[in-house]
Amino acid sequence: MDKITPRAKTRPRGIVLFIKQNAAKFSAVDNFFKPMTRQLLIPVLLSLVTSFLTTTSTHAQSVNVSARQGISAISARYGPASVQWLAEIRGRSGIPQPNSWEILAYNDRSTGLLHRFWAGGGRVGDAGADNTRYPVNIPVGYFGAAQVVVDSVAAFTIAEGEARKARIAFDSCDYLLRVREYSAEPIWRLELLDPTQRLVGKIYLSASNGEVLRTVWMYYNGNAPPKIADSLAPSLPPATTSSTQVPNDSNPIGEPGLSNNADLNAPTVPSATIAPPAGFAPIPSRGIADNSIPSPSFPPANGRNNFPPVTATPAAPAPLPNRSERRYNDTGIPEPPAIANGSGSMPDLRDSNGSESEEPKPPVEVPNSSGSTDRIPPPPIPNS
116 MDKITPRAKT
126 RPRGIVLFIK
136 QNAAKFSAVD
146 NFFKPMTRQL
156 LIPVLLSLVT
166 SFLTTTSTHA
176 QSVNVSARQG
186 ISAISARYGP
196 ASVQWLAEIR
206 GRSGIPQPNS
216 WEILAYNDRS
226 TGLLHRFWAG
236 GGRVGDAGAD
246 NTRYPVNIPV
256 GYFGAAQVVV
266 DSVAAFTIAE
276 GEARKARIAF
286 DSCDYLLRVR
296 EYSAEPIWRL
306 ELLDPTQRLV
316 GKIYLSASNG
326 EVLRTVWMYY
336 NGNAPPKIAD
346 SLAPSLPPAT
356 TSSTQVPNDS
366 NPIGEPGLSN
376 NADLNAPTVP
386 SATIAPPAGF
396 APIPSRGIAD
406 NSIPSPSFPP
416 ANGRNNFPPV
426 TATPAAPAPL
436 PNRSERRYND
446 TGIPEPPAIA
456 NGSGSMPDLR
466 DSNGSESEEP
476 KPPVEVPNSS
486 GSTDRIPPPP
496 IPNS
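Mapping of the sequence shown onto this note's numbering: residues 116 to 499, in sequence order.
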């Protein structure tokens with residue numbers, strides 16, 4: 116068997132490696148994975164996988180912070196006054212927590228009264244003044260960080276439980292924290308999205324005590340419009356049923372030929388313990404004997420019968436008015452009064468004795484000189 120003389124390779128650092136090779140044929144190692152070696156290799160692989168998953172989870176938790184951690188990081192970097200009053204906190208695509216939080220805070224030194232910050236990935240940043248909200252899209256209100264008792268982690272846990280009860284599967288979650296309208300109570304709005312980023316549910320819950328205020332679920336079935344279930348949707352009132360239960364074999368109409376016709380009698384009215392008022396006839400204790408309905412009697416308004424009895428003989432007609440009480444055409448308008456004699460500035464056109472002529476004087480007859488009654492005589496010609 117030939118031997119190969121060793122060769123030396125010199126590296127820049129001066130380390131010399133001696134390699135000795137054998138010219139004989141190398142045979143494959145068949146007994147490498149023995150049972151004992153296999154038992155030792157499996158725990159090693161499992162420990163490596165567990166260590167990798169733990170490192171990945173720890174890294175994800177350090178990157179995806181909660182809303183409270185984001186506020187604390189901004190407060191430590193820019194001062195507590197920067198986030199003393201908050202308008203909104205937003206987070207998108209949380210699995211379960213988002214990669215970063217967008218915080219809209221109140222700033223009285225800004226023209227638009229609002230300032231934007233962001234926190235995530237172990238860093239914080241100043242996004243500058245926000246002049247897009249006032250005066251059109253103004254915030255609902257402001258709240259302090261100390262009012263947020265239910266953090267985003269607890270809000271996600273509550274939303275996950277509500278989705279499980281509603282049988283809704285989702286992949287990610289969008290967060291919005293702001294105050295309730297016309298109130299100082301902060302509330303969470305969580306929007307649940309499926310893997311295709313389709314909205315499948317909305318949950319509103321209080322950030323003060325975790326109370327679920329409203330849930331809206333969308334149930335999809337192919338390409339059809341979703342079926343929506345809103346917890347605050349008005350429900351139809353239940354159908355009102357009569358308290359009187361009529362058996363199926365009863366015959367309240369009283370048709371002939373049925374078995375219970377003979378049992379239908381008029382209802383019995385109990386006797387009144389208080390005397391009826393004047394004008395009302397007392398009701399018999401055993402009810403109405405026949406099927407006829409008695410004519411009602413109406414009592415007078417003052418308790419006494421002031422109406423005169425109706426007689427068959429008509430009353431005499433009213434007398435006609437005399438001359439001094441004459442009316443024009445029976446319209447009810449009286450005749451004007453007579454003019455006083457000498458009491459006014461108008462002259463008295465009547466006779467001296469104040470009496471009117473009873474008959475008019477006859478017309479003056481013109482002598483007929485032409486012999487024709489149809490022509491008017493010409494006027495006389497004066498003498499020149």
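All C-beta atoms, glycine included, are put in the ideal place defined by N, C-alpha and C.
Fair warning: this is a prediction, and the values are worked out from it, not measured in the lab.
Same chain, Cβ closer than 6 Å to residue i, five either side skipped, listed in chain order
i: valine 331; result: Lys317, Asp345
i: tryptophan 200; result: Tyr221, Tyr257
i: aspartate 289; result: Arg207, Glu306
i: glutamate 203; result: Leu219, Arg293
i: histidine 230; result: Ala220, Asn222, Ala244
i: glutamate 217; result: Arg205, Trp233
i: alanine 281; result: Trp332
Close beta carbons around residue i, own chain, < 8 Å, minus the five adjacent residues each side
i: isoleucine 273; result: Val265, Ile318, Leu320, Gly325, Val327
i: aspartate 309; result: Ala284, Phe285, Asp286, Val315
i: asparagine 336; result: Lys342
Whether residue i touches residue j by CB criterion (9 Å)
i: arginine 295; j: valine 263; result: no
i: isoleucine 343; j: leucine 307; result: no
i: serine 225; j: aspartate 245; result: yes
i: serine 287; j: alanine 182; result: no
i: valine 198; j: alanine 260; result: yes
i: leucine 347; j: methionine 333; result: no
i: valine 239; j: glycine 276; result: no
i: proline 301; j: alanine 322; result: yes
i: glutamine 312; j: phenylalanine 271; result: no
Exposure of residue i, with buried meaning 16 or more beta-carbon neighbours within 10 Å
i: alanine 299; result: exposed
i: aspartate 278; result: Per the sequence presented here, residue 278 reads as alanine, with aspartate not at that position. Label assigned to alanine 278: buried.
i: arginine 329; result: exposed
i: proline 478; result: exposed
i: valine 361; result: Bear in mind that the predicted position of valine 361 carries a pLDDT of just 48, short of 50, making it too unreliable to give a figure here.
i: proline 497; result: exposed
i: isoleucine 189; result: buried
i: asparagine 179; result: buried
i: proline 352; result: exposed
i: serine 162; result: exposed
i: isoleucine 210; result: exposed
i: glycine 194; result: exposed
i: lysine 476; result: exposed
i: proline 492; result: exposed
i: alanine 234; result: buried
i: proline 495; result: exposed
Enclosing beta strand (DSSP E) for residue i [first to last residue]
i: leucine 320; result: 314–321
i: isoleucine 302; result: 301–308
i: serine 287; result: 287–294
i: alanine 344; result: 342–345
i: tyrosine 334; result: 327–334
Own chain residues within Cβ distance below 7 Å of residue i, not counting five before or after
i: arginine 248; result: Gly227, Leu229, Pro254
i: arginine 100; result: The requested residue 100 does not occur in the structure, where the chain is confined to residues 116 to 499.
i: proline 250; result: none
i: arginine 304; result: Leu291, Lys317, Tyr319
Residue i: CB within 8 Å of a non-hydrogen atom of the ligand SAM
i: leucine 160; result: Here there are no bound small molecules, and the ligand SAM is not part of this structure.
Run through the segment 182–270 for me and flag every whole alpha helix (DSSP H) of 4 or more residues, listed as ranges in chain order.
Counting only runs of at least 4 residues, the segment 182–270 fully encloses the following alpha helix (DSSP H) elements, listed from N- to C-terminal order: 182–193.
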